[in-house]
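Residue numbers (this note's numbering), protein chains in the order written: chain A, 1 to 69; chain B, 70 to 138; chain C, 139 to 207; chain D, 208 to 276; chain E, 277 to 345; chain F, 346 to 414. Report on the following structure.
Protein chains: 6
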Amino acid sequence: MTNELDTGLPSVRQVQTFIKDKTGVEVKLTTGDILHGQIVWQDPQYFRLVTGQQEGFLLYRAHVVYIKG
Amino acid sequence: MTNELDTGLPSVRQVQTFIKDKTGVEVKLTTGDILHGQIVWQDPQYFRLVTGQQEGFLLYRAHVVYIKG
Amino acid sequence: MTNELDTGLPSVRQVQTFIKDKTGVEVKLTTGDILHGQIVWQDPQYFRLVTGQQEGFLLYRAHVVYIKG
Amino acid sequence: MTNELDTGLPSVRQVQTFIKDKTGVEVKLTTGDILHGQIVWQDPQYFRLVTGQQEGFLLYRAHVVYIKG
Amino acid sequence: MTNELDTGLPSVRQVQTFIKDKTGVEVKLTTGDILHGQIVWQDPQYFRLVTGQQEGFLLYRAHVVYIKG
Amino acid sequence: MTNELDTGLPSVRQVQTFIKDKTGVEVKLTTGDILHGQIVWQDPQYFRLVTGQQEGFLLYRAHVVYIKG
Numbered sequence: 001m002t003n004e005l006d007t008g009l010p011s012v013r014q015v016q017t018f019i020k021d022k023t024g025v026e027v028k029l030t031t032g033d034i035l036h037g038q039i040v041w042q043d044p045q046y047f048r049l050v051t052g053q054q055e056g057f058l059l060y061r062a063h064v065v066y067i068k069g
Numbered sequence: 070m071t072n073e074l075d076t077g078l079p080s081v082r083q084v085q086t087f088i089k090d091k092t093g094v095e096v097k098l099t100t101g102d103i104l105h106g107q108i109v110w111q112d113p114q115y116f117r118l119v120t121g122q123q124e125g126f127l128l129y130r131a132h133v134v135y136i137k138g
Numbered sequence: 139m140t141n142e143l144d145t146g147l148p149s150v151r152q153v154q155t156f157i158k159d160k161t162g163v164e165v166k167l168t169t170g171d172i173l174h175g176q177i178v179w180q181d182p183q184y185f186r187l188v189t190g191q192q193e194g195f196l197l198y199r200a201h202v203v204y205i206k207g
Numbered sequence: 208m209t210n211e212l213d214t215g216l217p218s219v220r221q222v223q224t225f226i227k228d229k230t231g232v233e234v235k236l237t238t239g240d241i242l243h244g245q246i247v248w249q250d251p252q253y254f255r256l257v258t259g260q261q262e263g264f265l266l267y268r269a270h271v272v273y274i275k276g
Numbered sequence: 277m278t279n280e281l282d283t284g285l286p287s288v289r290q291v292q293t294f295i296k297d298k299t300g301v302e303v304k305l306t307t308g309d310i311l312h313g314q315i316v317w318q319d320p321q322y323f324r325l326v327t328g329q330q331e332g333f334l335l336y337r338a339h340v341v342y343i344k345g
Numbered sequence: 346m347t348n349e350l351d352t353g354l355p356s357v358r359q360v361q362t363f364i365k366d367k368t369g370v371e372v373k374l375t376t377g378d379i380l381h382g383q384i385v386w387q388d389p390q391y392f393r394l395v396t397g398q399q400e401g402f403l404l405y406r407a408h409v410v411y412i413k414g
C-alpha cells in the first residue's frame, strides 16, 4: 500500500463520489460489525466514517470487507 | 499490491472474461458472507459487484476468498 | 508499510490529534476485543495505548479494526 | 507479492508438480472451507482449482491456509 | 515488511526494553490464544517467546494482536 | 515479503535448525488447526510440513500463527 491515493483507480473514484454526494453507505468489517454512515475522507490506509449519531470512526481500510452503496 | 493491474496474469484475465461475458458468479468473503452477482469492474484493490437486486458492492479484493464461476 | 509515518496523511494527523488532546478512544481489535484508553504514541506498525487502569498495550496497527473517537 | 512467479522457489515448483501430475489436493481456506480438486494453474495472487464436479474456483492465494498433497 | 529492524521505531525499542528487562508479557494472538512469558528476541517477522514452563514459541509478528506489558 | 530468505534472520535460522535436527514441532494455523510434524523445507512464502502419518502440507507462512519447538 503506497502513501499516495491513486485517483486514477475506479475504487478511489467510487469512494470520492460517495464522499462528494454524501451517500449513505453500509460498511462491513472483518469483525462482522456493520456500520452505517457517510464517508468523509479516505487516505491510503483509512476511511473516516461518521454515523447518523455523529460518531466518528477511523476505519482501517484493510478491514473494510465491503462498502455497499 | 501494485496500482496497475497486470493484464498478463491468468487471474486478471479470468476476471476480465467474467466481466465481458457478464458471468453470474458467487463470491465468498472472509466474513463468511456469500454474494451472487456480476463483477462489473476490477482494479488492483477492489472488485465492483452488482447483485440481481441491483445492489452495488465495493469488495476489498483481499477479502474475497474465492470467486466461483 | 513503510518505516516512516507520513504526517501528511489525514489518518496520521487524526491520531496525532488524539495523542495531543489525550482523547479517550475506543479501539476494536480483530479478535473482537474492545479496549478503552488513550493513545500515547504511534509508529508505522504499532499504537501504544494506555488504559484508565494504567495498563499498557502495544497494539499491532493492522489488527486495530477501528478507532472510535 | 510480486507480479512474477519465482519458479526457483520450492513452493512454486511443488504446485507446478501438482498441476503437471494432476494431483488431487485438499485445500483449506481461511473461512474453514475445505475443497478437493485439481489445481490447473497458479499465478502470484491466485490458484485456479477445479473440483471433481467440474466447478471452477479462483482462490485468493493468501486465503489458502494449506494445500495437502 | 523489510528484512531490517528499524531500531529507531518506538515499537522496536519498546520490545527491546521488554527483552533487556526480561519483562513478563502477555501476548494475544489472532486465534484468540493468550500466552504469558518473556520475549527473548525479535526480528522483522517473528518474536521468540519462552513461557514460564520453558516452552519456546516462534510467533509470527503479524498474528500478535497485542503485547501487554 | 521478498523472494529471498534472509538467512541472517534469527527466525530463518531457528527454522533451519528445526529442519536440520528433524525437530518435532507443533504449528497452529489461523483456522485454529494444530498440526504436528517435521518441517522439511521453508521458502519465503511457505513451509513444507510432513506429519507422522507421512501426510504432506504446504503451509502458507502467513497463516502459521506459531511454531512451538
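Yeah, the Cβ is synthetic: ideal placement off N, Cα and C, and Gly gets one too.
Whole-angstrom distance between residue j and residue i, CA atom to CA atom
{"i": "residue 369 of chain F", "j": "residue 382 of chain F", "result": "5 Å"}
{"i": "residue 293 of chain E", "j": "residue 397 of chain F", "result": "40 Å"}
{"i": "residue 70 of chain B", "j": "residue 262 of chain D", "result": "In this prediction, residue 70 of chain B has a pLDDT of 45, which is less than 50 and means its spatial position is unreliable; what the coordinates show is noted afterwards. So the two alpha carbons sit approximately 28 Å from each other."}
{"i": "residue 276 of chain D", "j": "residue 402 of chain F", "result": "6 Å"}
{"i": "residue 248 of chain D", "j": "residue 178 of chain C", "result": "48 Å"}
{"i": "residue 19 of chain A", "j": "residue 12 of chain A", "result": "11 Å"}
{"i": "residue 406 of chain F", "j": "residue 21 of chain A", "result": "42 Å"}
{"i": "residue 241 of chain D", "j": "residue 104 of chain B", "result": "19 Å"}
{"i": "residue 286 of chain E", "j": "residue 152 of chain C", "result": "19 Å"}
{"i": "residue 391 of chain F", "j": "residue 348 of chain F", "result": "11 Å"}
With 16 other Cβ atoms within 10 Å as the buried cut-off, status of residue i
{"i": "residue 271 of chain D", "result": "buried"}
{"i": "residue 372 of chain F", "result": "buried"}
{"i": "residue 326 of chain E", "result": "exposed"}
{"i": "residue 117 of chain B", "result": "buried"}
{"i": "residue 77 of chain B", "result": "exposed"}
{"i": "residue 319 of chain E", "result": "buried"}
C-beta contact flag for residue i and residue j at 8 Å
{"i": "residue 212 of chain D", "j": "residue 135 of chain B", "result": "no"}
{"i": "residue 30 of chain A", "j": "residue 99 of chain B", "result": "yes"}
C-beta neighbour in chain H for residue i, strict 8 Å
{"i": "residue 69 of chain A", "result": "No chain H appears in the structure shown, which is made up of the protein chains A, B, C, D, E and F."}
Cβ-heavy atom distance, residue i to the ligand MN, below 7 Å
{"i": "residue 96 of chain B", "result": "Annotation note on the ligand MN: not contained in the displayed structure, which lists no ligands."}
Where the segment 351-366 of chain F meets chain E: residues whose CB sits under 7 Å from a CB there: 351, 354, 355, 356, 359
Kindly provide the ranges of any beta strand (DSSP E) runs that are 3 or more residues long and lie completely inside the segment 309-339 of chain E, ordered along the chain. 310-318, 322-326, 332-336
Interfacial residues, the segment 182-205 of chain C to chain A, with Cβ spacing under 9 Å: 199, 200, 201, 202, 203, 204, 205
With 7 Å as the limit, tell me which residues of the segment 94-107 of chain B have their beta carbon closer than that to any beta carbon of chain D; keep them in chain order. 97, 99, 101
What residue ranges within the segment 347-382 of chain F form continuous alpha helix (DSSP H) runs of no fewer than 4 residues, ordered along the chain? 355-366
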